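Peer 1:
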Amino acid sequence: MIPYEGQIARDGANIAYWVYGEGVPLLLLMGLATPAESWGPLPGILARQGYQVIVVDNRDCGKSGECAEGYTMADMADDAVAILDSLSIQSAYVLGISMGGFIAQELVLNHPERVERLLLVSTGPGIGGGVAAEESFLMEIFVGISGDPVEAQRKVVRLLVGSEFRESAEDLLEVAATHRSVNSQTPAGFLRQLQAVVEFSSWDRLHEIKIPVLLLHGDADPLVPVGNGVNLAERIEGAELRIFEGAGHLLPLERPAEVITALVEFLPVTQGAK
65 MIPYEGQIAR DGANIAYWVY GEGVPLLLLM GLATPAESWG PLPGILARQG
115 YQVIVVDNRD CGKSGECAEG YTMADMADDA VAILDSLSIQ SAYVLGISMG
165 GFIAQELVLN HPERVERLLL VSTGPGIGGG VAAEESFLME IFVGISGDPV
215 EAQRKVVRLL VGSEFRESAE DLLEVAATHR SVNSQTPAGF LRQLQAVVEF
265 SSWDRLHEIK IPVLLLHGDA DPLVPVGNGV NLAERIEGAE LRIFEGAGHL
315 LPLERPAEVI TALVEFLPVT QGAK
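Counting from 1 along the sequence shown, just add 64 to a position and that's the residue number in this note's numbering.
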């Protein structure tokens with residue numbers, strides 16, 4: 065499926081996005097230092113299920129432009145709102161993974177009328193209620209990631225996934241590394257995104273979320289430990305948490321069929337988003 069490609073101008077940077085298919089709007093928000101290319105075949109698959117899938121290259125990443133100064137998760141949520149405005153979409157389903165889950169939380173908290181249902185994958189509440197990764201893991205994944213982009217991403221994806229998947233899916237890991245290296249991020253862009261991540265907190269505001277929320281989390285996630293999903297579920301009234309045994313941080317890559325099934329069950333194409 066060939067998507068429509070667009071862009072908007074925000075804060076001096078062009079924000080790139082792609083639209084797959086027609087139907088119920090579904091906005092996909094990706095994580096730290098990860099281009100929209102990393103969704104792989106998922107947007108096309110979901111478009112065939114009856115969604116109009118909008119995928120975004122976050123500012124400072126992929127085909128989106130670099131910013132001249134720092135920003136917050138709320139700024140990136142405003143980027144998403146501007147994209148919906150450009151497409152004349154009043155409200156949408158929203159799926160955010162990892163940092164994309166931070167953006168999605170800011171989106172529903174600051175613009176509740178724009179989000180019909182929220183699906184949060186491998187993410188947490190940030191400062192106040194977040195469960196930190198092991199310091200040794202953070203050192204391993206963030207130190208020495210340089211040089212050839214594909215080689216760097218080979219290291220990253222192998223560290224992020226569960227051990228069983230790592231040992232049995234070498235071909236998929238190679239594809240994922242290639243996707244993640246497309247239009248690789250500059251060091252300055254990475255640091256701006258990372259600063260927004262470390263400053264994020266939704267903890268004291270989560271009680272304000274009043275829409276249906278589904279949380280998906282791997283119990284072997286080394287970057288955003290599963291305790292983050294547990295804490296979100298306890299803090300958001302009515303939220304449902306599904307835990308994937310043995311899965312790591314990259315659930316759509318590691319458990320695609322299960323993630324798609326959960327998504328389609330939670331986000332009906334016969335009603336809801338407009």
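For glycine and all other residues, C-beta sits at the position ideal for the given N, C-alpha and C.
Model, not experiment: these values are computed from the prediction.
(1) For the alpha helix (DSSP H) containing G253, list its first residue and its last residue.
(2) Taking all protein chains shown into account, do 16 or more other C-beta atoms lie within 10 angstroms of the C-beta of E318, making it buried, or fewer, making it exposed?
(3) Measure the alpha-carbon distance for E101 versus P107 and round it to whole angstroms.
(4) Given a cut-off of 8 Å, decide if L151 and A168 are closer than it, judged by their beta-carbon atoms.
(5) Work out the CA separation of Y157 and L90 for me, nearest whole Å.
(6) How about G164 and Q259: do their beta carbons lie closer than 8 Å?
(7) Helix, strand or coil: which one does DSSP assign to K338?
(8) Report the start-end ranges of each beta strand (DSSP E) in the segment 148-186 that is 3 residues or longer and not cut off at the edges.
(9) Once the 5 residues before and after G194 are set aside, which same chain residues still bring their CB inside 7 Å of it?
(10) Hey, out of L255, G95, E238 and A111, whose CA is closest to R222's CA?
(11) Thinking just about the alpha-carbon of each residue, which of G310, L159, G114 and D121 is nearest to the one in H243?
(12) Can you give me the Cβ contacts of L314 inside the same chain, cut-off strictly under 6 Å, excluding the 5 residues immediately before and after it?
(13) Who does V83 pair with in a DSSP beta bridge?
(14) By how many angstroms is the C-alpha of L96 removed from the C-alpha of D124?
(15) Who pairs with G188 in a beta bridge, going by DSSP?
(16) Tell me, please, whether the segment 276-285 touches the segment 293-301 by the rule of three or more beta-carbon pairs shorter than 8 Å.
(17) Smallest Cα separation from L110: which of R178, P67, M203 and P213?
(18) According to DSSP, is R123 helix, strand or coil?
(19) Decide if K338 is buried, meaning its Cβ has at least 16 other Cβ atoms within 10 Å, or exposed.
(20) Using a 10 Å radius around the Cβ and a threshold of 16 neighbouring Cβ atoms, would you call S232 buried or exposed?
(21) What is the C-beta distance between P99 and N247, in whole angstroms, given that I count them as a contact (C-beta under 8 Å)?
(22) Do D143 and I79 come within 8 Å of each other at the CB atom, strictly closer than that value?
(23) Could you please give the first and the last residue of the uninterrupted alpha helix (DSSP H) stretch that includes L296?
(24) For F264, which option in A73, V145, E130 and G190 has the closest C-alpha, if you only look at C-alpha atoms?
Peer 2: Quick answer:
(1) Segment P251 to E263, the alpha helix (DSSP H) holding G253.
(2) Per the 10 Å Cβ criterion, buried.
(3) E101 and P107 have their C-alpha atoms some 10 Å from each other.
(4) Going by C-beta atoms, A168 is not nearer than 8 Å to L151.
(5) If you take the alpha carbons of L90 and Y157, they lie about 5 Å apart.
(6) Not a contact, by the Cβ cut-off of 8 Å.
(7) Low confidence applies to K338: its pLDDT is 45, below 50, so where it sits in the model is not reliable, and the reading given next is rough at best. DSSP places K338 outside both helix and strand once states are collapsed to three, so it counts as coil.
(8) If you keep only unbroken beta strand (DSSP E) runs of at least 3 residues inside the segment 148-186, you get 156-161 and 179-185.
(9) In chain order, G188 and N292 place their CB closer than 7 Å to the CB of G194, counting only its own chain and leaving out the 5 sequence neighbours on each side.
(10) Comparing Cα positions, the closest option is E238.
(11) Comparing Cα positions, the closest option is D121.
(12) In its chain, beyond the 5 residues on either side, L224 and V225 have a beta carbon closer than 6 Å to the beta carbon of L314.
(13) DSSP lists Y68 and I118 as partners of V83.
(14) For the pair D124 and L96, the Cα-to-Cα distance works out to about 10 Å.
(15) G188 is not bridged by DSSP to any residue.
(16) By the Cβ criterion, the segment 276-285 is in contact with the segment 293-301, since at least three pairs of Cβ atoms, one from each stretch, lie closer than 8 Å.
(17) The option with the nearest alpha carbon to L110 is P67.
(18) Coil, per DSSP.
(19) Caution is warranted here: a pLDDT of 45 is assigned to K338, below 50, making its placement in the model unreliable, and the coordinate value is therefore given only provisionally. In this structure K338 is exposed. Its beta-carbon is surrounded by fewer than 16 other beta-carbon atoms within 10 angstroms.
(20) So S232 ends up on the exposed side.
(21) The Cβ separation is near 6 Å, so the contact holds.
(22) Cβ atoms of I79 and D143: closer than 8 Å.
(23) L296: member of the alpha helix (DSSP H) spanning G291 to R299, first to last residue.
(24) For the residues A73, V145, E130 and G190, the minimum Cα distance to F264 belongs to G190.
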